[in-house]
Amino acid sequence: MESSFSFGVILAVLASLIIAANALVAVAVLLLIHKNDGVSLCFTLNLAMADTLLGVAISGLVTDHLSSLAWPTQKTLCTLRMAFVTSSAAASVLTVMLIAFDRYLAIKQPLRYFQIMNGLMAGTCIAGLWLVSYLIGFLPLGVTIFQQTTYQGPCSFFAVFHPRFMLTLSCVGFFPVLLLFVFFYCDMLKIASVHSQQIRKMEHTGAVTGAYRPPRSPSDFKAVCTVAVLIGSFTLSWTPFLITGIVQVACQECHLYLVLERYLWLLGVGNSLLNPLIYAYWQKEVRQQLYQMALGVKKGLTSFLLLLSARDNGPEESRESSCYITTISHSQLDG
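Using our numbering, read the sequence shown as starting at 968 and increasing by one per residue.
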C-alpha cells in the first residue's frame, strides 16, 4: 500500500509537470503561428497537445494508486483510461516522427517543400495521425487476445492489457518507426555535410579571388541536431519498456510487471516532459516567444502590484495632499 501511494504521488507530480510544460509551449507556438503562419509549427503544436492529453490521461490514474483499497476502479473504466493513455502516447510518438519527416523533406526538397507541405497536407497528416493513434489505443477493446482474463487493481497497463499487445506494438509500430528515424537522420546528416562542403568551397574560391564570402547558414545542421535529440530522447525513453515487455512475453515465468509498471513505464511517459524542454531550448523562435511571454507576465504583475499599492496608499496620500493644500491656502491668506 505504501509503495502504491508513493507511486501515485510520483505520478501526480509527473502529470502536473507534463501538463504545465506542454501547455506553456502550446501557447507560445499558437502565438508564433498567429505571427508567422508556419506549417512546421502546426506539428510542434500537435506534439504539445498530444503530450498535454497524455498528462491529463495519466492524472486519472493518480486516485487509483492513492486510494486503491477504498475505491477500486472497475475493469471497464480502467481499460478506457489505459486506452486513452496509449492513444495519447502513440499520438506523441507519431508526431515526433512527422516532425522528423517534415525536417527531412525541407532539407531533401527545399525548392518544392512549400508546394508539398501546404496547409491541406499538414491538416491531412495530423488528422490521419490522430485516427491511427486512437485505433492503436483502443485496439485491445476489440481484440480479446490483447486483454487480460483476470483483473486486480490498482489500474495499470498490464492489469488490463496482455503482454501480447506490447509485443504487437513493438514489432508493428515501435521498431519500424525507429528505423525510419534512423533513415531520416542519416540522410539529413549526409545532405547537411554536402551543403557544408559546398559552402566551404565557395568560401575558399571567394578567398582566392578576393570575392565576397557568403555567410555560413546553420539551418541544416540545426535541423539535424533537433532530429537527433528527438530520436535520442524517444529511444532512451521507450526502448527499455518495450524490450522488457517482449522479454515478459517470451518468459512467462519471469515476473517483470512491477519493474515495467513502476519504473520503465514512467521512463517512457517522461518523454512527454522532455519534448517541450527540447523545443524550448533548441528552437530559437519558441525560446524567444517564451521569453516575451515571461516579460509580459512580469510587466503585468508589476503593474498589478503598483495598482494595489496605489489603492492601499490612496487615502493617506489624499489626506496629505488636502493638508498641503490647506497650509498653502492659510499662508496665502496671511500674506
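Beta carbons are placed, not taken as given, at the ideal position from N, Cα and C, and that holds for glycine.
Taking all protein chains shown into account, do 16 or more other C-beta atoms lie within 10 angstroms of the C-beta of residue i, making it buried, or fewer, making it exposed?
| i | result |
| --- | --- |
| His1032 | buried |
| Gly1235 | buried |
| Cys1138 | exposed |
| Ile1112 | exposed |
| Gly1022 | buried |
| Thr1116 | exposed |
| Gly1109 | exposed |
| Asp1279 | exposed |
| Leu1136 | buried |
| Met1049 | buried |
| Arg1183 | The pLDDT assigned to Arg1183 is 45, lower than 50, so where the model puts this residue is not dependable; a value taken from the coordinates is nonetheless given after this. Burial call: exposed. |
| Pro1143 | exposed |
| Val1006 | buried |
| Pro1130 | buried |
| Ala1277 | exposed |
| Ser983 | exposed |
| Gly975 | buried |
| Phe1081 | exposed |
| Ser1100 | buried |
Determine which residues share a DSSP beta bridge with residue i and list them.
| i | result |
| --- | --- |
| Gln1255 | None, per the DSSP bridge assignment. |
| Phe1128 | Gln1114 |
Consider the C-beta atom of residue i and the heavy atoms of the ligand HEM; say whether any pair is separated by less than 7 Å.
| i | result |
| --- | --- |
| Phe1125 | This structure lacks the ligand HEM; in fact it carries no ligand of any kind. |
Measure the CB-CB distance between residue i and residue j and report whether it falls below 8 Å.
| i | j | result |
| --- | --- | --- |
| Thr1062 | Asn1013 | yes |
| Tyr1246 | Thr1011 | yes |
| Trp1205 | Asn1238 | yes |
| Leu1223 | Phe1141 | no |
| Leu991 | Ile1000 | no |
| Leu1028 | Leu978 | yes |
| Leu1231 | Thr1211 | yes |
| Val1196 | Leu1156 | no |
| Phe1148 | Met1084 | no |
| Ala1067 | Val1194 | yes |
| Val1060 | Phe1201 | yes |
| Tyr1118 | Lys1042 | yes |
| Ala988 | Leu1244 | yes |
Residue ranges of each alpha helix (DSSP H) run of no fewer than 4 residues wholly in the region 1197-1235, ordered along the chain? none
Kindly confirm or deny that the region 1221-1232 and the region 1118-1128 touch, where touching means at least three C-beta pairs closer than 8 Å. yes
Meets three-Cβ-pair contact criterion under 8 Å: the region 1210-1218 and the region 1090-1110: no
Does the region 1151-1159 come close enough to the region 1065-1085 that 3 or more CB-CB pairs lie under 8 Å? yes
Going residue by residue through the region 1033-1111, where are the continuous alpha helix (DSSP H) segments of at least 4 residues, counting only ones entirely within it? 1042-1075, 1080-1083, 1086-1104 and 1106-1109
Do the region 1052-1062 and the region 1263-1271 make contact, defined as three or more Cβ pairs closer than 8 Å? no
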